[in-house]
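First up is the structure itself, then whatever we jot down about it.
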Amino acid sequence: MKGDKAILVVEDSERLNDFISSQLQKNGYTVTQAFNGKQAFKNLQNGYFDLVILDIKLGDIDGLQILKTIRAQDKILPVMIISSISDDETKIEGFRIGCDDYLTKPFYANDMLMRVERMIARSEIGGLQHVPVKQVMTAGPFEADVASQTIRKNGTIIPMRKKYFDIMVYFMNNPNVVIPFKTLYEQVWNKEAPDQNVVESNLYVNIRNLRMLVEDDASSPSFIQSVRDTGYIFIV
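Okay, so the sequence shown: first residue is 46 according to my numbering, each after it adds one.
Okay, structure coming up:
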């Protein structure tokens, strides 16, 4: 029954959030509203949802970063992006990160409802189970707060650029496994890897700088270690 299906609506426009939520409620769904990224993470951590409707342009956290965090912890939770951004590059990035559908504003309510019903029906096949999605992740001495985009080591904040933060979050979600150059590049940059030499060169510079921030001794790294001719491994 639709009443048993819980949907999280993440949209910073109160008017649009109310409209989407009312349409879903009229059609029998249980709805939780979030008007920014922090509220979204609080709900994702404390509640169970069958679907997330997610805007990209939120007031505090980029919606694609929220999607990336969801996918790092839950591979199957259906996520539909609803956004005014209509260019193909952003849509491709959204699907590459892991959205299940992308609806461009403005849209017809019936179109949205049809997509919602289809995604929920698809997720029910096989009795898929979802997990709470955390805003703060830990791995060894490190703690990553997605909302504030900060990394802490033993409780102390390590200031760093966003790209380094994204690399660290990916490492922390995939500890103690070898990550090929190509995989790391595609997951962090959200695009298909170009020439292998370009990928390795780009990663080398970023990893070198990241090690200088997070390692006790960057010349002899304990956490971010190279795997010859293959990639990197994050040891914790």
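We put the CB at the ideal spot given by N, CA and C, even for glycine. It should be emphasised that the depicted structure is a prediction, and the values quoted were computed from it without experimental measurement.
Could you tell me whether the Cβ atoms of Ser168 and Thr149 are closer together than 8 Å? no
State the Cα-Cα distance for the pair Phe140 and Asp261, rounded to the nearest angstrom. 37 Å
For Asp145, which residues in the same chain have their Cβ closer than 7 Å to its Cβ, ignoring the five residues on either side in sequence? Pro123, Val124, Met125, Met164
Following the continuous alpha helix (DSSP H) through Tyr249, name the residue where it begins and the one where it ends. 241 to 259
Taking the alpha helix (DSSP H) that Arg167 falls in, what are its first and last residues? 154 to 169
Arg197, DSSP secondary structure in three states: strand
Can the beta-carbon of Gly185 be found less than 8 Å from the beta-carbon of Val259? no
May I have the straight-line CA-CA distance separating Lys227 from Arg60, to the nearest angstrom? 42 Å
Do Ile106 and Ala192 have their C-beta atoms within less than 8 Å of each other? yes
Cutting at 6 Å between CB atoms, please list the residues of its own chain near Leu75, excluding the five before and the five after it. Before going on, a small fix: residue 75 reads as Thr here, not Leu. Cβ within range, chain order: Ala51.
Could you please give the first and the last residue of the uninterrupted beta strand (DSSP E) stretch that includes Lys75? It should be pointed out that residue 75 corresponds to Thr in this sequence rather than to Lys. Looking at the DSSP string, the run of the beta strand (DSSP E) that includes Thr75 is 75 to 79.
In three-state DSSP terms, what is Leu109? helix
Under a three-way DSSP split, which group does Val214 fall into? helix
Beta-carbon separation of Ile196 and Phe216 under 8 Å? no
Beta-carbon gap between Tyr277 and Leu229 smaller than 8 Å: yes
With Thr183 as the anchor, note down where its beta strand (DSSP E) starts and where it stops. 181 to 184
For Gln78, I'd like the list of residues in its chain whose CB is within less than 7 Å of its CB, leaving aside the five on either flank, ordered along the chain. Val54, Asn62, Ser66
Tell me which residues share the same chain as Ala263 and place their Cβ nearer than 6 Å to its Cβ, disregarding the 5 neighbours each side in the sequence. Arg256, Met257
What are the start and end residues of the beta strand (DSSP E) that includes Asp63? Note, Asp63: premise wrong, no beta strand (DSSP E); alpha helix (DSSP H) at 59 to 71.
For Gly143 versus Leu112, is the C-beta spacing smaller than 8 Å? yes
Give the DSSP-derived three-state secondary structure of Glu188 in the structure shown. strand
Mark Thr114 as exposed unless 16 or more other C-beta atoms lie within 10 angstroms of its C-beta, in which case mark it buried. buried
So Val272 packs on Val214, CB below 8 Å; how close in whole Å? That pair is no contact at about 20 Å.
Range of the contiguous alpha helix (DSSP H) that encloses Leu99: First-last for Leu99: 96 to 99, but that is the beta strand (DSSP E), not the alpha helix (DSSP H).
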